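Working notes for the structure below.
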Amino acid sequence: MPKSKSAYSTPTKKQKSETYIFVVWVDNEAGVLARVVGLFSGRGYNIESLAVAEVDAIKNISRITIVTTGTPQVIEQIRLQLTKLVPVHKVAEFKREDKGVIFKEMALFKVVGKRNKIDKCLNACKKFNPVILDETKSSAVIQITALRREIDKMNKKLKPLGLISTSRTGAVAMTRGAKIFN
Amino acid sequence: MPKLLTGAEIVFKCLEDQKVEHIFGYPGGAVLPIYDELKNHPSIKHILVRHEQGAGHAAEGYARSSGKPGVVLVTSGPGATNVVTALTDAYMDSVPLVCISGQVPTHLIGTDAFQECDTTGITRPCTKHNWLVKDINDLSKVMHEAFKVATTGRPGPVLIDIPKDIQFAKAKYKKPNKEKKLNGKSHNKFSQDQIDELVKLLSKAKKPIIYSGGGVINSGPKASQALREFVELTGFPITSTLQGLGAYPGDDNQFLGMLGMHGTYEANNAMHDCDLLINIGARFDDRITGKIDEFSPNSKKVHIDIDPSSINKIIKVDLAIVGDVTSVISKINKTIAKRKNGHSKSNKSNIAKWWEQIEKWREKDSLNFVNSDESIKPQHAVQRLYELTKNKDTYVTTEVGQHQMWAAQHYKFNKPNRWMTSGGLGTMGYGLPAAVGVQIAHPEKLVIDIAGEASVLMTMQEMSTAVQYNLPIKIFILNNQYMGMVRQWQELLHEKNYSESYSEALPDFMKMAEAYGCKGIKADNPDDLDDKIQEMIDYAGPVIFDCHVDPNENCFPMIPSGKPHNQMILGPNDQEDNKIKGKGKALV
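Protein chains in written order, with my numbering: chain A, 392 to 573; chain B, 19 to 606.
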């Protein structure tokens with residue numbers, strides 16, 4: 392082993408990282424997103440995607456959905472550290488593979504080209520509830536909802552068919568059945 | 019209709035209702051309305067520091083030595099940025115601070131106005147929580163919540179940023195609401211089952227050790243009392259982190275001394291070889307654990323902590339008890355006592371062999387050093403200081419570096435809240451202003467800052483504060499002309515390339531004392547040391563004591579980086595031994 396030339400120990404072997412989704416209920420106040428995001432960057436956690444909006448205007452509650460990767464130990468730390476933040480009410484986390492939870496992202500595709508190309512695009516998107524939000528003779532804006540990887544795939548697939556711009560959201564999540572997160 | 023008060027009046031109303039007696043601060047444009055209001059509140063005394071960092075550390079010393087939150091008042095911009103070091107320090111060491119900062123008027127926020135900075139943005143990662151008060155009607159609620167957040171659970175610093183127009187605006191004052199829960203974040207989450215499980219582990223253990231930390235101090239004097247009872251009931255050996263010193267008497271036979279990088283041989287070996295490790299209010303800091311993979315490899319680990327996020331953060335434990343140390347230990351003591359009444363089988367006989375082993379480690383006498391009658395050895399200086407002050411109820415602060423470790427090793431604390439040091443952040447320049455704060459909280463007590471000459475120069479200006487308020491603090495400088503700990507690491511790891519760790523031009527501390535208007539004492543001869551220390555203790559005002567020590571002394575024992583607890587480097591005596599046996603090389 393090479394001699395450590397520092398006052399700190401050398402890193403030890405790491406466990407395997409996995410993808411998790413965190414759902415965080417917070418007071419909708421100035422700076423609250425910065426607190427949550429700052430916790431992630433400050434402690435070296437990873438954010439793959441982020442979605443946030445107010446969900447209860449009377450109680451003033453926002454719901455933040457964060458997709459992250461980490462070892463089980465890091466994931467536990469993220470939950471405990473989030474819980475410590477003063478404006479945080481509740482934290483739920485689950486694995487991406489969790490069958491009891493639905494999660495979805497939305498994407499908008501702008502396609503420019505002849506009608507037949509746009510039709511091809513729509514056809515390719517068929518599985519992901521495509522909605523045409525805007526249409527001209529030579530362009531269309533198509534909305535789809537799907538999983539992250541599916542959107543990645545569509546993004547690639549539509550490029551040769553005239554896709555010139557993509558806009559997409561972070562993932563949002565909801566439990567299946569009558570159960571809610573707690 | 020109730021009387022409307024200005025924001026500045028509301029600030030003081032809140033401070034009065036929170037029973038604040040002292041605030042440490044420095045005025046400036048954006049806090050002038052609050053300073054203007056100071057004269058109307060005689061129960062609150064303001065201590066004018068010379069730099070806002072000093073205000074923060076003084077408030078830390080005040081808080082750590084008294085158990086009450088420290089209050090800081092600074093202006094916007096540079097006032098706020100100067101206090102960031104102290105806030106971070108308090109955050110790392112869990113010290114309750116409430117910092118009030120002025121801000122430019124709300125309509126100028128975001129315009130790069132004079133002395134504007136994004137104070138809440140800058141301090142977000144170094145406070146438990148912070149608030150920018152943009153509506154005067156929120157002010158009383160925020161102030162009271164700030165005290166609650168700072169002092170409950172794991173304590174820490176908070177900051178309230180108050181724009182100048184809010185300080186002038188008027189609103190009704192609201193008294194603190196006692197019922198309010200912080201989003202239902204309760205702190206005692208343990209059950210009797212967990213206590214029973216721990217007691218079972220206690221009775222089975224053959225090689226147990228208790229490792230206590232700053233959480234015991236933070237939990238209040240009752241926690242130390244409960245800890246002492248627990249140690250007596252079990253007969254277990256106990257070691258302590260840097261921050262936990264004083265929770266258990268330093269001169270007691272069951273105390274193995276401090277553990278960790280510069281801990282004793284017996285404490286670290288006991289941590290490594292134990293079969294039951296009980297962590298009470300400590301956080302498995304990297305200065306404590308050494309190499310994680312080889313940390314206490316064969317033990318069941320129990321962690322008692324008020325902060326759930328401390329559990330399993332570094333070291334996976336077998337039993338976690340989340341709660342306030344006082345409540346948890348008291349519950350354990352009661353449970354043990356109950357069991358003992360049933361059948362008086364004690365497990366003290368189980369651990370007799372363990373104690374024999376510990377005594378063998380103790381024989382190494384790992385804190386030893388080669389004394390000299392020509393130059394003052396720094397360890398000797400601390401030992402003499404201890405011997406000459408141990409019969410007084412002495413409060414000790416330190417700066418950061420070798421002198422800090424020597425103080426921790428050779429000064430023995432018997433009571434909690436007597437030892438104030440920057441452990442987590444390791445802030446050079448902490449000790450002098452902290453001593454100011456301690457002396458404010460305990461005007462009649464002897465307060466000593468065991469300092470290094472490099473550290474103390476970082477906040478030396480606070481001597482002026484000490485002189486202004488006639489605070490008889492004693493600055494005991496172990497002057498070796500080096501940033502000693504830096505030099506020690508360079509010696510061990512960087513082939514003695516002492517890059518920039520020698521101070522070429524040090525001030526004459528005697529003249530400096532004179533310039534500040536306090537007493538200067540210089541010692542460079544071991545024969546005079548006791549007399550000079552006595553002179554320092556007897557002097558009624560502040561003293562700068564320039565103790566010239568052997569510049570080449572290193573702090574031993576130590577665990578080199580990346581090594582487990584049982585591979586310590588010992589002092590010069592043992593290194594000779596090791597060389598003879600041909601083992602010395604392996605240890606370095």
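Ideal Cβ placement from N, Cα and C applies to all residues, glycine included. Predicted, not measured: the structure shown is a model, and the values here were computed from it.
By the rule that beta-carbons nearer than 8 Å mark a contact, residue 153(B) does not touch chain A. What residue 304(B) touches in chain A, judged by beta-carbon distance under 7 Å, is 399 and 400, going in chain order. Residue-level contact by beta carbon fails for residue 380(B) and chain A, as no gap is shorter than 8 Å. Residues of the stretch 451 to 473 of chain A that bring their beta carbon within less than 7 Å of a beta carbon in chain B comprise 464, 467, 468, 471 and 472, in sequence order. Burial state of residue 514(A) is exposed, judged by a 10 Å Cβ sphere holding fewer than 16 other Cβ atoms.
In this structure, residue 479(B) sits away from residue 147(B), with a CB-CB distance that is not shorter than 8 Å. Residue-level contact check: residue 142(B) touches chain A, since one or more beta carbons of chain A fall below 8 Å from its beta carbon. Distances from the CA of residue 229(B) to each of 288(B), 185(B) and 298(B) were compared; the closest alpha carbon is that of 298(B). Boundaries of the alpha helix (DSSP H) around residue 400(B): 396 to 407.
Comparing alpha-carbon positions, the option among 47(B), 26(B) and 74(B) lying closest to residue 456(B) turns out to be 74(B).
From the beta-carbon of residue 150(B), the residues of chain A found nearer than 8 Å are 421 and 422. Every beta strand (DSSP E) of 3 residues or more that sits fully in the stretch 539 to 573 of chain A is shown, in chain order, as 554 to 559 and 563 to 566. According to the DSSP secondary-structure assignment, residue 89(B) is paired through a beta bridge with 116(B). The continuous alpha helix (DSSP H) containing residue 163(B) extends over residues 157 to 169.
Note on geometry: alpha-carbon atoms of residue 293(B) and residue 226(B) lie some 6 Å from one another. For residue 477(A), a Cβ of chain B is located within less than 8 Å of the residue's own Cβ.
Note: residue 175(B) is bridge-paired with 115(B) in the DSSP secondary-structure output. For residue 223(B) and residue 312(B), the gap between their C-alpha atoms comes out near 20 Å. Residue range 506 to 515 is occupied by the alpha helix (DSSP H) that includes residue 512(A).
Within a 10 Å sphere around the beta-carbon of residue 443(A) sit 16 or more other beta-carbons, which makes this residue buried. Under a 10 Å Cβ-count criterion, residue 406(A) is classified as exposed, with fewer than 16 other Cβ atoms of the shown protein chains found around its own Cβ. Contacts between residue 194(B) and chain A, judged by CB atoms closer than 9 Å, are missing: the closest CB pair is about 16 Å apart. Contact between the stretch 440 to 460 of chain A and the stretch 498 to 512 of chain A is absent: fewer than three C-beta pairs spanning the two stretches fall below 8 Å.
For residue 555(B), not one C-beta of chain A is nearer than 8 Å to its own C-beta. Residue 451(B) counts as buried, since no fewer than 16 other beta carbons sit within 10 angstroms of its beta carbon. With respect to the C-alpha of residue 368(B), the residue from 255(B), 417(B) and 543(B) having the closest C-alpha is 255(B). According to the DSSP assignment, residue 464(B) belongs to no beta strand (DSSP E), since it is labelled neither H nor E. Restricting attention to 182(B), 57(B), 77(B) and 184(B), the CA atom closest to the CA of residue 460(B) is found in 77(B).
Residue 205(B) sits in coil when the DSSP states are folded into three classes, being neither helix nor strand. Listed in chain order, the non-local C-beta contacts of residue 273(B) below 7 Å within the same chain comprise 256, 266 and 267, local neighbours out to five positions each way being set aside. Looking from the CA of residue 344(B), the closest CA among 586(B), 172(B) and 234(B) belongs to 234(B). Secondary structure in the stretch 546 to 576 of chain B: the alpha helix (DSSP H) runs of 4 residues or longer, each lying completely within the stretch, are 547 to 556 in chain order.
A straight-line Cα-Cα distance of about 38 Å links residue 185(B) and residue 493(B).
Using a Cβ distance threshold of 8 Å, residue 82(B) and residue 438(B) count as a contacting pair. According to DSSP, residue pairing for residue 121(B) in a beta bridge involves 181(B). The shortest C-alpha to C-alpha distance from residue 132(B) to any of 111(B), 181(B) and 384(B) is the one to 181(B).
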